[in-house]
Amino acid sequence: MTTYTRPHESKLMPAQLIDLMTFSHEHTANITFDIKYASTDNFTGQVIYPQARAFLMHDAAQALLAVSADLHPHGFGLRVFDAYRPWHITAYFWEHFPNDHLYLADPREGSRHNRGCAIDLSLYDLKTGTEIEMPSAYDEFNEKSHLSYTGGTESQNAMRALLQTTMLAHGFSAHPHEWWHFDYAGWQNYCVLDDEFLALEAS
Ligand SMILES: [Zn+2]
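Residue numbers (our numbering): 2 to 204.
1. What first and last residue would you give for the alpha helix (DSSP H) that runs through residue 14?
2. Would you say the region 184-199 touches the region 140-157, given that touching needs at least three Cβ pairs under 8 Å?
3. In the DSSP assignment, what residue or residues form a beta bridge with residue 122?
4. What number of angstroms, rounded off, separates the C-alpha of residue 4 from the C-alpha of residue 102?
5. In three-state DSSP terms, what is residue 20?
6. Helix, strand or coil for residue 166, going by three-state DSSP, please let me know.
7. Can you give, in chain order, each stretch of the alpha helix (DSSP H) that sits fully within the region 133-203 and has at least 4 residues?
8. Excluding the 5 residues flanking residue 22 on each side, which residues of the same chain have their C-beta closer than 8 Å to its C-beta?
9. Measuring CB to CB, does residue 171 end up less than 7 Å from residue 61?
10. Leaving out five residues on either side along the sequence, give the residues of the same chain with a beta carbon under 6 Å from the beta carbon of residue 176.
11. Mark residue 130 as exposed unless 16 or more other C-beta atoms lie within 10 angstroms of its C-beta, in which case mark it buried.
12. Which value, in whole angstroms, describes the spacing of the CA atoms of residue 88 and residue 195?
13. So, at 8 Å on beta carbons, what are the nonlocal neighbours of residue 191 in its own chain, with the 5 sequence-adjacent residues on each side left out?
14. Ordered along the chain, which non-local residues of its own chain (more than five positions away) have a Cβ less than 7 Å from that of residue 168?
15. Is residue 102 near ligand 1, judged by its Cβ being under 6 Å from some heavy atom?
16. So which residues put a beta carbon under 5 Å from any heavy atom of ligand 1, going in chain order?
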């Protein structure tokens with residue numbers, strides 16, 4: 002149990018969350034999934050999510066289709082690591098990983114992931130299906146993950162720039178410390194949610 006309480010924002014609405022896996026499949030978009038928190042391959046080394054699922058606010062999901070269409074002529078698709086995240090998981094990260102606070106959301110404010118309006122993703126090669134190399138790994142909590150980091154190879158920097166430019170062209174904004182993280186425009190209008198994935202599916 003957490004010692005924090007979820008922000009109560011009575012003026013805000015819950016976002017309409019949709020199953021991004023089903024949605025992208027229905028639209029035959031070049032979007033693949035590697036849900037890191039459903040495995041031990043994440044900064045905690047623990048399985049955090051009981052299922053590998055990705056839920057996202059409807060308009061943001063629609064915008065991702067446009068992003069993947071723009072990337073297609075370049076030979077790339079999107080690989081999603083995380084989308085909607087229940088609030089108690091944000092609280093768990095904050096309580097148990099105090100050294101990583103620069104890269105974690107304060108549960109008293111909640112994360113944009115808790116609002117269903119943020120997504121973590123990278124690029125993959127449409128021909129080979131392999132993930133594209135970026136200046137850092139996902140959730141590598143150091144300066145290599147910062148947008149200001151210039152120490153990557155020419156190709157890594159160019160790939161990060163392509164991802165940034167294409168996402169920003171479709172209503173997303175960037176995070177200065179995490180090249181993989183994007184918020185969708187209007188996230189301020191949606192409240193912090195704590196629904197489990199299975200509860201979302203049932204609703
Ligand atoms: Zn994120």
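A virtual CB, placed ideally from N, CA and C, is assigned to each residue, including glycine.
For this structure:
1. Taken as a continuous stretch (DSSP letters only), residue 14 belongs to no alpha helix (DSSP H), as it is neither H nor E.
2. Three or more Cβ pairs closer than 8 Å define a contact, and the region 184-199 falls short of that threshold against the region 140-157.
3. Secondary-structure assignment with DSSP links residue 122 through a beta bridge to 81.
4. Residue 102 has its alpha-carbon roughly 17 Å from the corresponding atom of residue 4.
5. Three-state DSSP puts residue 20 in a strand.
6. Of the three classes helix, strand and coil, the one that applies to residue 166 here is helix, per DSSP.
7. Complete alpha helix (DSSP H) runs here, min 4: 155-169 and 198-203.
8. So the list reads 34, 54 and 55, once near-sequence residues are dropped.
9. Note that the C-beta distance between residue 171 and residue 61 is not below 7 Å.
10. Once the five neighbours on either side are set aside, the close Cβ partners of residue 176 are 182.
11. Residue environment analysis places residue 130 among the exposed positions, since fewer than 16 neighbouring C-beta atoms fall within 10 angstroms of its C-beta.
12. Near 5 Å, if we compare the C-alpha coordinates of residue 195 and residue 88.
13. So the list reads 13, 14, 15, 16, 58, 116, 117 and 118, once near-sequence residues are dropped.
14. Same-chain partners within the cutoff: 68 and 183.
15. Incorrect: residue 102 has no Cβ contact closer than 6 Å to ligand 1.
16. One residue after another in chain order, those with a Cβ under 5 Å from a heavy atom of ligand 1 are 121 and 182.
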